[in-house]
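Following: one structure in structure tokens, then a few remarks.
There are 2 protein chains.
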Amino acid sequence: MTKTRQTPRATVTFRPHGTVAHVPAGATILDAATDAGVQVEAPCGGQGRCGRCKVRAEGPVVLRPHAHLTPAEADAGFVLACQTLVDGDVTVTVPAPRERREQPRGHAIAQPEALPLTCDWRQDPAVRTFEVDIEPPSLLDNTNDFDRLRRALAQQHGIKEVRAELPILRRLGHDLRAASWKVNVTLEMRDWVYGTYLPPRLIRVYPSAFGQRSMGVAVDLGTTSVVVYLVDFSTAQVVDTAGAYNKQISCGDDVISRIIYAKRDGGLGRLQRLAVETINELLAELQERNRVELYEIHEVAVAGNTTMTHLLLGLDPRYLRQEPYIPTVSVPPKLVAGELGLRVNALARVHGMPAIGSYVGGDITAGVVSSGLYATDKLTVFIDIGTNGEMVLGNRDWLVACACSAGPAFEGGGVGCGMRATAGAVEDVWVDSRTLEPTFRTVDGAAPRGICGSGLIDLVAELFMTGVIDKGGRFNRGLATPRVREGVSGHEYVAVWGDESADGCDIAVSENDINNLLRAKAAVYAGVSTLCRSVGVDLADVEQFLIGGAFGEYIDVEKAIHMGLLPDLPPQRFKFLGNTSALGAYMALLCVNVRHEVLDVAAKMTYLELSADNTFMDEYTSALFLPHTDIEAFPSVAELLRAAGIDAAAAHHAPGRPGGTVKEDA
Amino acid sequence: MTKTRQTPRATVTFRPHGTVAHVPAGATILDAATDAGVQVEAPCGGQGRCGRCKVRAEGPVVLRPHAHLTPAEADAGFVLACQTLVDGDVTVTVPAPRERREQPRGHAIAQPEALPLTCDWRQDPAVRTFEVDIEPPSLLDNTNDFDRLRRALAQQHGIKEVRAELPILRRLGHDLRAASWKVNVTLEMRDWVYGTYLPPRLIRVYPSAFGQRSMGVAVDLGTTSVVVYLVDFSTAQVVDTAGAYNKQISCGDDVISRIIYAKRDGGLGRLQRLAVETINELLAELQERNRVELYEIHEVAVAGNTTMTHLLLGLDPRYLRQEPYIPTVSVPPKLVAGELGLRVNALARVHGMPAIGSYVGGDITAGVVSSGLYATDKLTVFIDIGTNGEMVLGNRDWLVACACSAGPAFEGGGVGCGMRATAGAVEDVWVDSRTLEPTFRTVDGAAPRGICGSGLIDLVAELFMTGVIDKGGRFNRGLATPRVREGVSGHEYVAVWGDESADGCDIAVSENDINNLLRAKAAVYAGVSTLCRSVGVDLADVEQFLIGGAFGEYIDVEKAIHMGLLPDLPPQRFKFLGNTSALGAYMALLCVNVRHEVLDVAAKMTYLELSADNTFMDEYTSALFLPHTDIEAFPSVAELLRAAGIDAAAAHHAPGRPGGTVKEDA
């Protein structure tokens, strides 16, 4: 017999939690933390790039070289959790998080009557429950349990055929007898394969005394936050909503970091579990609060971007990131909740919204349907801005879509004072053109802790429109205000003085921060203009500009035009639609024909790969200015600048270099 | 926090194996043995009824009262494993088994050309493999992997739609690239739901360089033995066969003991696992011997009785045994091998043969099809004898079936010298009418160790025809032969003297043994005659009498008629068909239309429940004699007896009382 050498194991104790992880020697502290369920921020996915996973370690560790600790921090025992290998029993102190992991802001959803639904969910439900009174078996009528149930369904409800899978058959004998043969039978009525409807499928058999409650859930599976909507099929109303940050954040902030993480040994499995855990904890919360039993949830609809959908299904995402950026599948396969481990009826059908390409996912297909774009005559742009910007142009006859990487700036990442839109985030800013003093509002009115994406857009727009920065994002050095000063990393504008802020520190944006923001907005604007150019449409002819997504909701259109994020169209053409992805999932949950429509939309939409389009880089470079190299493309802004006596053509400094694409070549 | 009291654990060490089990205190030694994989015979399923699980135990144990040990055995430290609870660390010595657990006798199977197949498996295979040369993706052609595969299948093979499940999609990206986009694609071509064919389903994607081997397995899942047939789809030939005893035997010898065992905590799960393990070990043997990879096995067909099918699927069998004896389902649901844990391609479809009722299972449906009964014009009886006897009467237009409990006598159970048909079992016996000396043949020609079912039938028939026993099974006390003697439990006939036998002990049958055999044959005969009576047919009009099943193969028709097991028909009407159940599974594996035919047969067949039939008990009582109360029903036997000068009407003693039914009332 060959002996295998046992890897020695080490114990890692986390403070202040007191949680303990047992890991093989050589594991990183970050691995140990993820194992133990201890939250350590690692926006870069543990690659040693961001320096955010600082912890204090005592005990034998091996450090990989990196450049993120000051000598003072290193002296104080700080290490990067992702770059530090455990080499024996170690005690790790995790600093209080820089930003509390609160729930993301809640998302209201429209009532069913207000939706663009052509179906009547009352007439054509996907799941129905029937009360059946079954004749008990006898020696002279010894038909088996399942055929007996089928016979009763046929006689009492005209349902000719029914399908049953192993899990329900394993309980059927017991369930029928426990209910004394008087049962409610829940059936999936509208199951189809490539357009052919199959006979109804058994989801649940239970005593008819228990009533007929039937619920569904729509899941908006975002890279950052996940929201679950509990729907009562008897009223089609959203009964309750629960949201949380995606637990996958511990493996990376953005889709690229997660794809990198998935390549690790066991990484994909962990990401799949974390997605399911995030949803399951929200389900548990909703079930508890609304006294709903797990098995009463009979259907699930999920909208997410292509990476999130791949990770939820456990599909390998690596090819999404390698040129030519290919998903495994666009239409998620037929599956039931039990296959994924979701905390609902194990036989509940899970409907994943179909994707268009690697960077235009089911969230966008859901948005195109729920926004009504797919059914309108008007030339329409639909846009969803986040770490990636996705945009769709078209009308009922044709659709073309693309995606660009905006980077993390709109979610507060890569910006010194940036933060997510949680309590204390500065979300609206006005700058007085005379005094250059800011007025601001924070999320929940809490003491300011940083600036979120919408606040940053406001601030940059205001600084530009008041002449504090020039079209290249450079500070005007000659202004008589203490708010513009030389900071550690160059010039900056102090939006909040330390005596007003939550932690006593000044909150300021630097030229570097502004450059990051310019790159983000340039990518989005260039995406929209490339889309228009690809089909020979003039941006000015766009009749509707629909803004979806959680972030979009909080953008101030006027300021977004001022900084050149949005095109200079009359304000009435813009519409904020809120969480169009969630709304699409909700509609698909309610109406079977919506499930067909999202498939039609996905099949019809042309995907424009920007890396294969030569004009995109030109458009991007032109858009790296405030509001744009070509000020004539923004006539209303030019007018305002003229009125304020600001020379839009003046530049204090050369613009920042274009940002790299986040994708990786094969 | 509430503290739960921990059950103390105990260590049980088995000798001579040296295997160790860790169990909670209070577990039985039998449980510990099953946990540890140590074979301890327990034909009664651990109910303390049979006394066969004797072991020697040292250490703290608690004994349940029972009546199976002699004082000498108890003094020597013997206990019943099923009635002895572990109360601390115990050492258990397991005696060498009374009967080696050898492979059951092999089963030949017909070649495809000889089968009653209306399909041509070459033209209409259920599984096909296609070579596909896929264009690799590019930035300008970024269709997802699955749609790219579908497109190529449509273009190169005209296959319009393909379905894929999660397990195959999880590997698809890798598999396509690892094969450099030149792949073989194995598809299930003939998947249907209630008569509607579905688009082909992906089973496997692999480099086309690997060739196109495609295999299937037919499984004959018997209560006692399990045989797996490996079939090469390219030739339709059975390439190899492997058989073993059903590992569930450790939980009980017959279906009733297993159903009782399944009621225990975890019992059903264990029985399910043991069925799968039995099949998997045979598969491993076949894969090893034939150098077949697990994933090259693309389809599975299983025939088994209703209890075996329930246990394999993990369906609760308890209602099969409670009046009115109801299966959960007769047609097994659609499922793939991965759901059961079978060691073949996880996506291979598993086709379970449909049952008729609780005691007429898929093995019989398979037999009705493979025997050709379902397609014949002749009035035919099909019979399969084992622990239960199942019989079908009919022709192409109508079919009626019933089952009776023959008890374990035909498998060597409940008979002092009885054993299964393994090496050393006396299987053919002749008794010289003058000297009353026997001549016999054993399985494999080994030294005799006992008598198997066919040997017992022979012996009883011979003893009757030579006047050694009377029509009631009583010994003629006045014979001048030392072979008839007063034994421990009454009169007996010594078939083998100790100096000829394997273990030096005499092998004898007692009146008690003969009574058990009479009850078994009476049940079978009464089943057939009740079936005839139920449709107003005279037994003498039966044109074909087909005998299927592993046991049937070894019966001597003439002697079986002499003892009244088979009706007195001209010998040419009897046909031995061998393992008709396995043959049916094999045919269903080869031909899609056979799968439809078994469903038609199952739907068409009328199930006669003998417990609801008043005439059965009368028929049974009349059949408790040799050959029958009514000797006129056996004219050829009467003729022979007359010729031999034996008075068939003479009785040395009253007949044995009728055996109880093995079923349990609700």
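As they're listed, the protein sequences go chains A and B. For what it's worth, the working numbering labels the leading residue of the first sequence as 988, then goes sequentially. For what it's worth, the working numbering labels the leading residue of the second sequence as 988, then goes sequentially. Positions of the beta carbon are idealized from the N, C-alpha and C atoms, including for glycine. Keep in mind the model is a prediction, meaning the values are calculated, not measured.
Neighbour list for residue i in chain B, Cβ cutoff strictly below 8 angstroms
| i | result |
| --- | --- |
| D1132/A | Y1306, I1313, P1314, T1315 and V1316 |
| N1129/A | P1311, Y1312, I1313, G1344, S1345, Y1594 and E1596 |
| E1152/A | P1320, K1321 and L1322 |
| E1326/A | L1153 |
Proximal residues to residue i (C-beta, below 6 angstroms), its chain only, five neighbours per side dropped
| i | result |
| --- | --- |
| A1390/A | Y1346, V1347, N1375 and E1377 |
| V1318/A | P1341 |
| R1534/B | Before going on, a small fix: residue 1534/B reads as Ile here, not Arg. Hits under 6 angstroms: I1370 and F1563. |
| T1352/B | M1340, P1341, V1585, V1588 and A1589 |
| V1049/A | L1072 and D1074 |
| R1085/A | Any reading at R1085/A must be qualified, since the residue scores a pLDDT of 45, below 50, and its modelled position is unreliable; the value itself is stated next. Nothing meets the Cβ criterion. |
Sequence-distant residues of the same chain with beta carbon closer than 7 angstroms to residue i, five excluded per side
| i | result |
| --- | --- |
| R1582/B | H1338 and A1575 |
| G1359/A | P1103 |
Length of the line joining the Cα atoms of residue i and residue j
| i | j | result |
| --- | --- | --- |
| P1003/A | G1013/A | 23 angstroms |
| I1618/A | M1550/A | 11 angstroms |
| F1563/B | E1540/B | 6 angstroms |
| P1614/B | F1001/B | 48 angstroms |
| R1506/B | Q1142/A | 44 angstroms |
| A955/A | E1045/A | Residue 955/A is absent from the structure shown; chain A starts at 988 and stops at 1653. |
| G1160/A | T1015/A | 51 angstroms |
| R1383/B | V1149/A | 29 angstroms |
| D1457/A | E1424/A | 18 angstroms |
| L1322/A | R1336/A | 6 angstroms |
| S1167/A | F1197/A | 13 angstroms |
| G1203/A | S1420/A | 52 angstroms |
| V1515/B | L1386/B | 13 angstroms |
Within chain A, partners of residue i - CB distance below 7 angstroms
| i | result |
| --- | --- |
| S1125/B | P1311 |
Helix, strand or coil at residue i [DSSP, three-state]
| i | result |
| --- | --- |
| E1060/A | helix |
| P1103/B | coil |
| E1175/A | strand |
| M1655/A | With chain A running from 988 to 1653 in the structure shown, residue 1655/A is simply not present. |
| C1391/B | strand |
| S1125/A | strand |
| G965/B | Since the displayed chain B opens at 988 and closes at 1653, residue 965/B lies outside it and no answer follows. |
| E1264/B | helix |
| T1293/A | helix |
| I1438/A | strand |
Identity of the residues DSSP links to residue i by a beta bridge
| i | result |
| --- | --- |
| E1286/B | G1203/B and R1336/B |
| W1417/A | T1426/A |
| A1229/A | V1215/A |
| I1494/B | V1483/B |
| E1194/B | The sequence shown places Pro at residue 1194/B, not Glu. In DSSP, P1194/B forms a bridge with V1170/B. |
| K1321/B | Answer by DSSP bridge pairing: none, since K1321/B is not bridged. |
| D1371/A | E1377/A and G1535/A |
| E1118/A | N1171/A |
| E1473/A | H1478/A |
Beta-carbon neighbours of residue i, restricted to chain B and to distances below 7 angstroms
| i | result |
| --- | --- |
| V1379/A | Correct list: empty, because the minimum Cβ distance to chain B is about 17 angstroms. |
| Y1181/A | E1148 and P1186 |
9 angstroms Cβ cut-off: residues of chain A touching residue i
| i | result |
| --- | --- |
| A1599/B | S1125, L1126, L1127 and N1129 |
| L1302/B | L1153, L1156, R1157, L1159 and G1160 |
Same chain, Cβ closer than 8 angstroms to residue i, neighbours up to 5 away in sequence not counted
| i | result |
| --- | --- |
| M1176/A | P1112, A1113, V1114, R1115 and P1187 |
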